[in-house]
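Read through the structure below, which is laid out as structure tokens, and then see the notes.
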Amino acid sequence: LNNEERLGACTKVFAYTACITESADIINKPIFKAAYIQVIALIVMISISIILLYFIVSKYLSPLAAIQTGLTSFFDFINYKTKNVSTIEV
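This is the structure in structure tokens:
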């Protein structure tokens, strides 16, 4: 029919075989729409996850700068570069 691709399904009904066909475009349109919505939702969720992960990691790694300066101060004291040493505030 009109050189368009069609999908069909057949089933047995008593002694007969009943078949139905439909244009592939009509069947594929909602499938492509659902796939498009899923891709958009996936991109949004990945973006939210990356932002959330960035804030969580930066919160847990923020004490590292204080530890680094405290250790530098401590080793300067051990190597007689300074006369005073301070505690590491975490």
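My numbering runs 33 ahead of the 1-based position in the sequence shown. Ideal placement from N, C-alpha and C gives every residue a C-beta, glycine not left out.
Contact check between the segment 84 to 92 and the segment 101 to 109: fewer than three CB pairs, one atom from each, fall below 8 Å, which does not count as touching.
DSSP, read as helix, strand or coil, puts valine 118 in coil. Spanning the alpha carbons of serine 106 and isoleucine 79 requires a straight line of approximately 41 Å. Boundaries of the beta strand (DSSP E) harbouring tyrosine 49: 49 to 56, taken from the DSSP string. Excluding sequence positions up to five before and after asparagine 117, its CB lies within less than 8 Å of the CB of Phe110, all in the same chain and listed in chain order. Distance from the CA atom of alanine 48 to the CA atom of leucine 75, rounded to whole angstroms, is 48 Å. Taking the CA atoms as reference points, isoleucine 70 sits about 31 Å from asparagine 35.
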